[in-house]
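Before any comments, here is the structure.
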Amino acid sequence: MDKFTKLTGIAAPMALVNIDTDMIIPKQFLKTIKRSGLGVNLFDEMRYNLDGSEIPEFVLNQPAYREAQIIVAGDNFGCGSSREHAPWALLDFGIRCVISTSFADIFFNNCFKNGILPIVLPQDAVDVLMEDAKKGANARQTVDLEAQTVTTSDGRVFSFDVDSHRKHCLLNGLDDIGLTLEKAASIDSYEAKAAQAFPWA
Amino acid sequence: MAPRTLYDKIWDDHVAHEAEDGTCLLYIDRHLVHEVTSPQAFEGLRMTGRKVRAPEKTIAVPDHNVPTTTDRANAATMTEESRIQVEALDKNAKDFGINYYPVSDVRQGIVHIVGPEQGWTLPGMTVVCGDSHTATHGAFGALAHGIGTSEVEHVLATQTLIQKKSKNMKVEITGSLRPGVTAKDITMSVIGATGTAGGTGYVIEYCGQAIRELSMEGRMTVCNMAIEGGARAGLIAPDEKTFAYCLGRPHAPKGAKWEAALAYWKTLFTDEGAHFDKVITLKGEDIAPVVTWGTSPEDVLPITSVVPAPTDFTGGKVEAVQRALDYMGLTAGQKLTDIAIDTVFIGSCTNGRIEDLRAAAAILKGKKIKVKRAMVVPGSGLVRAQAEEEGLAQIFIDAGFEWRMAGCSMCLAMNPDQLAPGERCAATSNRNFEGRQGRGGRTHLVSPGMAAAAALTGHLTDVRELM
Ligand code: SF4
Numbered sequence: 005m006d007k008f009t010k011l012t013g014i015a016a017p018m019a020l021v022n023i024d025t026d027m028i029i030p031k032q033f034l035k036t037i038k039r040s041g042l043g044v045n046l047f048d049e050m051r052y053n054l055d056g057s058e059i060p061e062f063v064l065n066q067p068a069y070r071e072a073q074i075i076v077a078g079d080n081f082g083c084g085s086s087r088e089h090a091p092w093a094l095l096d097f098g099i100r101c102v103i104s105t106s107f108a109d110i111f112f113n114n115c116f117k118n119g120i121l122p123i124v125l126p127q128d129a130v131d132v133l134m135e136d137a138k139k140g141a142n143a144r145q146t147v148d149l150e151a152q153t154v155t156t157s158d159g160r161v162f163s164f165d166v167d168s169h170r171k172h173c174l175l176n177g178l179d180d181i182g183l184t185l186e187k188a189a190s191i192d193s194y195e196a197k198a199a200q201a202f203p204w205a
Numbered sequence: 109m110a111p112r113t114l115y116d117k118i119w120d121d122h123v124a125h126e127a128e129d130g131t132c133l134l135y136i137d138r139h140l141v142h143e144v145t146s147p148q149a150f151e152g153l154r155m156t157g158r159k160v161r162a163p164e165k166t167i168a169v170p171d172h173n174v175p176t177t178t179d180r181a182n183a184a185t186m187t188e189e190s191r192i193q194v195e196a197l198d199k200n201a202k203d204f205g206i207n208y209y210p211v212s213d214v215r216q217g218i219v220h221i222v223g224p225e226q227g228w229t230l231p232g233m234t235v236v237c238g239d240s241h242t243a244t245h246g247a248f249g250a251l252a253h254g255i256g257t258s259e260v261e262h263v264l265a266t267q268t269l270i271q272k273k274s275k276n277m278k279v280e281i282t283g284s285l286r287p288g289v290t291a292k293d294i295t296m297s298v299i300g301a302t303g304t305a306g307g308t309g310y311v312i313e314y315c316g317q318a319i320r321e322l323s324m325e326g327r328m329t330v331c332n333m334a335i336e337g338g339a340r341a342g343l344i345a346p347d348e349k350t351f352a353y354c355l356g357r358p359h360a361p362k363g364a365k366w367e368a369a370l371a372y373w374k375t376l377f378t379d380e381g382a383h384f385d386k387v388i389t390l391k392g393e394d395i396a397p398v399v400t401w402g403t404s405p406e407d408v409l410p411i412t413s414v415v416p417a418p419t420d421f422t423g424g425k426v427e428a429v430q431r432a433l434d435y436m437g438l439t440a441g442q443k444l445t446d447i448a449i450d451t452v453f454i455g456s457c458t459n460g461r462i463e464d465l466r467a468a469a470a471i472l473k474g475k476k477i478k479v480k481r482a483m484v485v486p487g488s489g490l491v492r493a494q495a496e497e498e499g500l501a502q503i504f505i506d507a508g509f510e511w512r513m514a515g516c517s518m519c520l521a522m523n524p525d526q527l528a529p530g531e532r533c534a535a536t537s538n539r540n541f542e543g544r545q546g547r548g549g550r551t552h553l554v555s556p557g558m559a560a561a562a563a564l565t566g567h568l569t570d571v572r573e574l575m
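Those sequence lines, one after another, are chains A and B.
Per my numbering, residue 5 is the first one in the first sequence, and the count goes up by one each step.
Per my numbering, residue 109 is the first one in the second sequence, and the count goes up by one each step.
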């Protein structure tokens, strides 16, 4: 997993609420057995016509946002299916950070496992970032994970909360499985205990 | 000890390690696996030379993109990509030595139907699957989470999940349901009341007389859609109905182990005075048969209502509702019962169990459908066999339904069972997102009885008028 430390990039505004994982990556692209290559199909049905041509109005098709690395989104981003293909597609496109007032649980978790930082901020802060993002390619926002801040293109700073364990993993690009296997002794002793207490399990 | 909720109890009994900041390793009793969200996880194990820690607690079944036509034994009925995924699961199950129900096995079906049916899912367990509707298993008083593929790999390798505890929410449904109102109407009405983000950060415990009066099938329907309400999991305390359902299942304990299990299961309830962070109460009598009109499961209204207007909402929802009405081809003020239906889909992990098929068949018996196409996709091969034995299959076939093999089918349309652009479907599944059942397809979520009613009249219909 790539580290996430500090990012300055273009932010794409997507004010729609309840953007679900079926929109982020429709199911016809879930048939892969790999993690990479999903970026071209990110937001596929919003982004392309049936004949495969681009829908020019869609934000990521606009010249200003083709290189976006941040999405500022409406409430409840990532709801629906648990498919990790959603963060894989975002990452493959180049998105490293999503900012919203709330995220669906599973999507939120999946982001951290893939080096994407999901940031929850109050409505008024998201409103400011959304307006800033609408200014286009020159409006670069800065996300500093160490300092836990987002800075608008004109210097307004918002602080955000992040779980300390997740922050640590993201800053250092650490793999969860490796960390857990260091605690194998605890798992062994739990299993021994459970075999006595719950022999049917 | 301070009074604890059901969630607190199951949680406490599964913590294998707790870090100072409260991050826990939660031990996982059952790991269910399907073909879509697992290939990259197994690939990860191979790349790192890791094994499956507890293959005997790991159960795999292909369901999402298997064909549901009766000629499916012929591999040519699958697209190249689907076949690769299913073959990858065949191989992974074999290489890693996990329990497996291949397409050719009569016990194959939707993973959330197979788990309970085979007795893998039992009260008090932790159950995970790389699928959000894992919440279904909460009906047994099991703590059941949907997880992502990285977490699938983590559970395969370590038999644990990294978790922080969620908050507790109680959803109480008092009194009894009125005739024609089902578990599906309960769970959709709750989402209508709380919104799709209302449960975010919570584990919901459903309780109250109306929940106790539901069968296990109905309870699974309720918990299934906890995720549509945003919750991490849904739970229902086990009782005599739960124990009766589990007794004698292939993987349920027997003899002395059964007795020990039963004694433990009887302790699985929320203590008097335990703290809930949020409480929602609905009156069972107030719940009507409901239907979704939009493209989010929270877009729910009683079948007697009209399509709402964007101006009935505030904030970001105004734009979302305008977009939903455009997508759904509906006009504000239109009566829901005036909406014409092209296709009816009965199936999915929400409503693909025997009781659901009985409810639909009761409405259809001796009548003919008016929609262009209608299909029943039983949740498992065993549900299918039982429905044939009970004569339900014949009722569906006589009415004009296609009688399919088990799988997810048109719930998510990864196989050829798809809606065409603009085609409108009354479906017993759980998601009405844009494109969910096929690009441009329009989905109205309903109960099995309501789906049958729509099939007979050709438009959304109040099932109570046909009872
Ligand atoms: S039936 Fe539908 S919701 Fe259930 S597991 Fe299959 S695709 Fe998911």
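Virtual Cβ for every residue (Gly too), placed ideally from N, Cα, C.
message = Need the endpoints of the beta strand (DSSP E) that R550/B sits in, please.
response = Taking the second sequence and counting its residues from 1, one reaches residue 550/B at position 442. Start and end: 550 to 553.
ask   = How would you label G254/B, buried or exposed, when you count the other beta carbons within 10 angstroms and need 16 or more for buried?
value = Position 146 of the second sequence holds residue 254/B. It counts as buried.
query = Regarding L520/B and the ligand SF4, is the C-beta to nearest heavy atom distance less than 7 Å?
reply = Within the second sequence, the letter at position 412 stands for residue 520/B. Because some heavy atom of the ligand SF4 lies under 7 Å away, the Cβ of L520/B counts as near it: yes.
message = Just checking: is the beta-carbon of R532/B within a distance shorter than 8 Å of some beta-carbon in chain A?
response = Within the second sequence, the letter at position 424 stands for residue 532/B. So, not an interface residue.
message = Report the start-end ranges of each beta strand (DSSP E) in the region 525 to 570 of chain B that is 3 residues or longer and not cut off at the edges.
response = 532 to 535, 550 to 553
ask   = Which ranges does the alpha helix (DSSP H) cover as unbroken runs of at least 4 residues, wholly within the region 439 to 501 of chain B, from first to last along the chain?
value = 456 to 459, 462 to 472, 489 to 497
ask   = Going by C-alpha distance, which of A318/B, F248/B, D179/B is nearest P224/B?
value = Taking the second sequence and counting its residues from 1, one reaches residue 224/B at position 116. The candidate whose alpha carbon is nearest that of P224/B is F248/B.
Cβ-based contacts, 7 Å cut-off: residues of the region 297 to 308 of chain B near chain A = T304, A305, T308
request  = Would you mind giving the Cβ-Cβ distance between M513/B and T178/B, rounded to the nearest angstrom? I have them listed as a contact below 8 Å.
outcome  = If you number the second sequence from 1, residue 513/B lands on position 405. If you number the second sequence from 1, residue 178/B lands on position 70. That pair is a contact at about 6 Å.
Three-state class that DSSP yields for C83/A in the structure shown = Sequence index remark: in the first sequence, residue 83/A carries index 79 (1-based). C83/A: strand per DSSP, three-state reduction.
request  = Please say whether E88/A and S258/B have beta carbons closer to each other than 8 Å?
outcome  = In the second sequence, counting from the first residue as 1, residue 258/B sits at position 150. In the first sequence, counting from the first residue as 1, residue 88/A sits at position 84. Yes, the pair counts as a contact, with Cβ atoms nearer than the cut-off.
ask   = If L349/B sits next to M333/B, beta carbons under 8 Å apart, how far is it from one beta carbon to the other, in whole angstroms?
value = Locating residue 349/B in the second sequence gives position 241, where the first residue counts as 1. Locating residue 333/B in the second sequence gives position 225, where the first residue counts as 1. Per the sequence presented here, residue 349/B reads as Lys, with Leu not at that position. K349/B to M333/B, Cβ: 20 Å. No contact.
request  = Answer with yes or no whether the minimum CB distance from I28/A to chain B is below 8 Å.
outcome  = Position 24 of the first sequence, counting from 1, holds the residue named residue 28/A. Judged by the 8 Å Cβ criterion, I28/A is not in contact with chain B.
Within chain B, the residues that G78/A reaches when beta carbons sit closer than 7 Å = As a first step, residue 78/A must be located in the first sequence, where it is residue number 74. Ordered by position in chain B, the residues that pass the 7 Å Cβ test against G78/A are G424.
Q145/A, enclosing beta strand (DSSP E) - first and last residue = Start at 1 with the first residue of the first sequence, and residue 145/A comes out as number 141. Q145/A -> beta strand (DSSP E) spans 144 to 148.
request  = With a threshold of 7 Å, establish whether the CB of D239/B neighbours any heavy atom of the ligand SF4.
outcome  = Residue mapping note: residue 239/B aligns to position 131 of the second sequence, counting from 1. For the ligand SF4, at least one heavy atom lies less than 7 Å from the Cβ of D239/B.
request  = Would you tell me roughly how many angstroms separate the C-alpha atoms of V235/B and F116/A, rounded to the nearest one?
outcome  = If you number the second sequence from 1, residue 235/B lands on position 127. If you number the first sequence from 1, residue 116/A lands on position 112. Near 22 Å, if we compare the C-alpha coordinates of F116/A and V235/B.
ask   = Quick one: does the C-beta of C457/B sit closer than 7 Å to a heavy atom of the ligand SF4?
value = Here the question's residue 457/B lines up with position 349 in the second sequence. Yes, the ligand SF4 has a heavy atom inside 7 Å of this Cβ.
inquiry  = Looking at the secondary structure, which residues open and close the beta strand (DSSP E) in which F116/A lies?
reply    = On the first sequence, residue 116/A is found 112 positions in, with the first residue counted as 1. Unbroken run through F116/A is the alpha helix (DSSP H), 109 to 116; no beta strand (DSSP E).
key: N173/B Cβ short of 7 Å to the ligand SF4 heavy atom set   = Along the second sequence, read from residue 1 onward, the residue named residue 173/B stands at position 65. No, the beta carbon of N173/B sits no closer than 7 Å to any heavy atom of the ligand SF4.
ask   = Looking at S240/B and C22/A, is the spacing between their C-beta atoms short of 8 Å?
value = Translated into positions along the first sequence, residue 22/A becomes position 18. Translated into positions along the second sequence, residue 240/B becomes position 132. The sequence shown places Asn at residue 22/A, rather than the Cys named in the question. It is not a contact, given that the beta carbons lie outside the stated cut-off.
ask   = How about H139/B: is its Cβ closer than 7 Å to a heavy atom in the ligand SF4?
value = Taking the second sequence and counting its residues from 1, one reaches residue 139/B at position 31. No, the Cβ of H139/B stays beyond 7 Å of every heavy atom of the ligand SF4.
inquiry  = Beta carbons nearer than 7 Å to chain A: which residues of the region 345 to 357 of chain B have them?
reply    = Cβ contacts with chain A: none found.
ask   = Where do the ends of the alpha helix (DSSP H) carrying K197/A lie?
value = Mapped onto the first sequence, residue 197/A falls at position 193. For K197/A, the enclosing alpha helix (DSSP H) stretches over residues 188 to 201.
ask   = Of all the residues that make up the region 38 to 66 of chain A, which are near chain B by a beta-carbon distance shorter than 8 Å?
value = Residues K38, R39, E49, L54.
Boundaries (first-last residue) of the alpha helix (DSSP H) holding I14/A = Position 10 of the first sequence, counted from the first residue, corresponds to residue 14/A. First-last for I14/A: 10 to 18, but that is the beta strand (DSSP E), not the alpha helix (DSSP H).
task = Give the DSSP-derived three-state secondary structure of T176/B in the structure shown.
result = On the second sequence, residue 176/B is found 68 positions in, with the first residue counted as 1. Coil at T176/B, not helix or strand.
task = Name the residue from D450/B, E143/B, R286/B, M436/B whose alpha carbon lies nearest to the alpha carbon of K391/B.
result = Along the second sequence, read from residue 1 onward, the residue named residue 391/B stands at position 283. That would be R286/B, whose Cα lies nearest to the Cα of K391/B.
message = Suppose you measure from the CA of V398/B to the CA of A482/B; what does that come to, to the nearest Å?
response = Start at 1 with the first residue of the second sequence, and residue 398/B comes out as number 290. Start at 1 with the first residue of the second sequence, and residue 482/B comes out as number 374. Taking the straight line from one Cα to the other gives about 20 Å.
task = Specify whether the region 53 to 68 of chain A and the region 76 to 94 of chain A touch according to this definition: at least 3 beta carbon pairs, one from each stretch, less than 8 Å apart.
result = No, because fewer than three Cβ pairs between the region 53 to 68 of chain A and the region 76 to 94 of chain A fall closer than 8 Å, the two stretches do not touch.
ask   = Which residues bound the alpha helix (DSSP H) around M296/B?
value = For the purposes of this step, residue 296/B is identified with residue 188 of the second sequence, where counting begins at 1. It spans 291 to 302 - the alpha helix (DSSP H) in which M296/B sits, taken as one unbroken run.
task = Kindly provide the ranges of any beta strand (DSSP E) runs that are 3 or more residues long and lie completely inside the region 118 to 146 of chain B, ordered along the chain.
result = Taking only runs of at least 3 residues, the beta strand (DSSP E) segments lying wholly in the region 118 to 146 of chain B are 123 to 126, 132 to 135, 138 to 141.
message = Since D109/A and R340/B should fall inside the 8 Å C-beta cutoff, what is the C-beta to C-beta distance between them, to a whole number of angstroms?
response = For the purposes of this step, residue 109/A is taken as residue 105 along the first sequence, with counting starting at 1. For the purposes of this step, residue 340/B is taken as residue 232 along the second sequence, with counting starting at 1. Correct: roughly 5 Å between the Cβ atoms.
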